[in-house]
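Q:
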Amino acid sequence: MSDDPDAAGPDLPIPIEIDTGTDRGRFGRPARRMPAGVYRADRGHVETVRWLAGVLGLLVLLAGLPALGHLNVASAPGWARALLLITLLQIAYLAWMAILPDWSTVWVAMLVFAAVATLYALAAGLAVATPPDRALPLGLGEVRDKLARWSTAALLLGVLGTYLCGRTSVRWQRSCRRWSQSSPAAAADLPQSRGGR
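Residue 4 is where the sequence shown starts when you use the numbering used here, and the numbers rise one by one after that.
#1: Relative to the C-alpha of A85, which residue among A130, R170, S178 and L122 is closest?
#2: If you check the beta carbons only, do A151 and V131 fall under 9 Å apart?
#3: Look at the alpha carbon of A95 and the alpha carbon of L167, and state the distance between them as a whole number of angstroms.
#4: Look at the alpha carbon of G81 and the alpha carbon of A66, and state the distance between them as a whole number of angstroms.
#5: Please give me, in chain order, every unbroken run of the alpha helix (DSSP H) with length at least 4 that falls completely inside the segment 83-161.
#6: Using C-beta distances below 8 Å, list every residue in its chain close to L87, excluding the 5 sequence neighbours before and after it, in chain order.
#7: Using a 10 Å radius around the Cβ and a threshold of 16 neighbouring Cβ atoms, would you call I21 buried or exposed?
#8: Counting along the chain, where does the alpha helix (DSSP H) carrying H48 start and finish?
#9: Exposed or buried, what is I102 when buried is set at 16 or more other beta-carbons lying within 10 Å of its beta-carbon?
#10: If distances are taken between C-alpha atoms only, which option among G128, R181 and A83 comes closest to T155?
#11: If you run the structure through DSSP and keep just helix, strand and coil, what is L167?
#12: Is it buried or exposed, Q93, if we count other Cβ atoms within 10 angstroms and call 16 or more buried?
#13: CB M113 to CB G164, shorter than 9 Å?
#14: How long is the line joining the alpha carbons of W175 and E145, rounded to whole angstroms?
#15: Given a cut-off of 9 Å on the beta-carbon distance, is the pair T171 and W99 in contact?
#16: Would G60 and L97 qualify as a contact pair, given that the criterion is a beta-carbon distance under 9 Å?
#17: Could you give the distance in angstroms between the alpha-carbon of T159 and the alpha-carbon of Q184?
This is the structure in structure tokens:
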């Protein structure tokens with residue numbers, strides 16, 4: 004027999020410490036306690052953001068409907084590829100917003116919807132302003148007759164999404180400011196805005 008304690012055979016039991024405490028977080032680590040005065044989103048705001056993400060997801064899928072016939076990206080026309088990319092980008096931001104509900108993630112989603120609405124407005128303007136004998140970019144010439152109507156409808160959906168995200172974000176931010184003003188410990192930790200609202 005060897006004197007090395009690490010060379011123990013399989014017949015010796017290995018001591019295992021089992022912690023039966025209930026104060027555990029994810030992956031068995033000790034749960035962290037939030038200090039007093041730290042803001043936690045209330046359930047109402049979190050639920051609102053998750054509903055908003057679901058409704059806006061339906062609007063995004065509705066706006067991306069014309070690209071469904073061209074799911075094979077290798078053979079799809081340029082406009083269908085661009086539309087699929089825009090749709091996937093919006094869905095990714097909505098998923099991020101639902102996973103991390105905060106007024107700032109809703110604000111970023113509002114900026115994304117505003118940028119996409121601007122792209123739809125540009126497409127509608129191209130459809131109306133480009134003479135019929137000139138080619139449109141991204142192979143849009145093959146759908147020129149439907150482009151203005153579809154872009155206008157998608158523009159309206161994008162504006163609606165922008166409005167809903169902006170309104171939700173601003174209301175939530177105001178509630179955070181009211182909370183920080185009522186909690187002196189939190190007011191010292193939060194950055195002050197220059198607007199004074």
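For each residue, glycine too, the CB sits at the ideal point set by N, CA and C.
A: In short:
#1: The sequence position of residue 85 within the sequence shown is 82, counting from 1. Looking at the Cα atoms, L122 is the closest of the given residues.
#2: In the sequence shown, the residue the question calls residue 151 occupies position 148. In the sequence shown, the residue the question calls residue 131 occupies position 128. Yes; because the gap between Cβ atoms is below 9 Å, this pair is in contact.
#3: As a working note, residue 95 is residue 92 in the sequence shown. As a working note, residue 167 is residue 164 in the sequence shown. When rounded, the distance between both Cα atoms is 18 Å.
#4: The sequence position of residue 81 within the sequence shown is 78, counting from 1. The sequence position of residue 66 within the sequence shown is 63, counting from 1. Roughly 17 Å separates the two Cα atoms.
#5: 106-132
#6: Your numbering for residue 87 matches position 84 in the sequence shown. Excluding sequence neighbours, L87 sits near G67, A70, H73, L74, V76 and A79.
#7: Looking up residue 21 in the sequence shown gives position 18. At I21, the pLDDT of 48 sits below 50, so the modelled position is not reliable; the number obtained from the coordinates is stated separately. Counting Cβ neighbours within 10 Å, I21 comes out exposed, since fewer than 16 surround it.
#8: For the purposes of this step, residue 48 is taken as the residue at position 45 of the sequence shown. It spans R46 to A66 - the alpha helix (DSSP H) in which H48 sits, taken as one unbroken run.
#9: What you label residue 102 is simply residue 99 of the sequence shown in a count that begins at 1. Label assigned to I102: exposed.
#10: Position 152 of the sequence shown, counted from the start, is the residue given in the question as residue 155. Nearest C-alpha to T155: G128.
#11: For the purposes of this step, residue 167 is identified with residue 164 of the sequence shown, where counting begins at 1. Here L167 sits in helix by DSSP.
#12: For the purposes of this step, residue 93 is identified with residue 90 of the sequence shown, where counting begins at 1. Counting Cβ neighbours within 10 Å, Q93 comes out buried, since at least 16 surround it.
#13: Residue mapping note: residue 113 aligns to position 110 of the sequence shown, counting from 1. Residue mapping note: residue 164 aligns to position 161 of the sequence shown, counting from 1. Contact flag set, yes.
#14: Position 172 of the sequence shown holds residue 175. Position 142 of the sequence shown holds residue 145. Roughly 44 Å separates the two Cα atoms.
#15: Locating residue 171 in the sequence shown gives position 168, counting from the first residue. Locating residue 99 in the sequence shown gives position 96, counting from the first residue. No, the Cβ-Cβ distance between T171 and W99 is not below 9 Å.
#16: As a working mapping, residue 60 is identified with position 57 in the sequence shown. As a working mapping, residue 97 is identified with position 94 in the sequence shown. Their beta carbons are under 9 Å apart, which means G60 touches L97 by this criterion.
#17: Residue mapping note: residue 159 aligns to position 156 of the sequence shown, counting from 1. Residue mapping note: residue 184 aligns to position 181 of the sequence shown, counting from 1. Residue 159 is actually Leu in this sequence, not Thr. One C-alpha to the other measures close to 37 Å.
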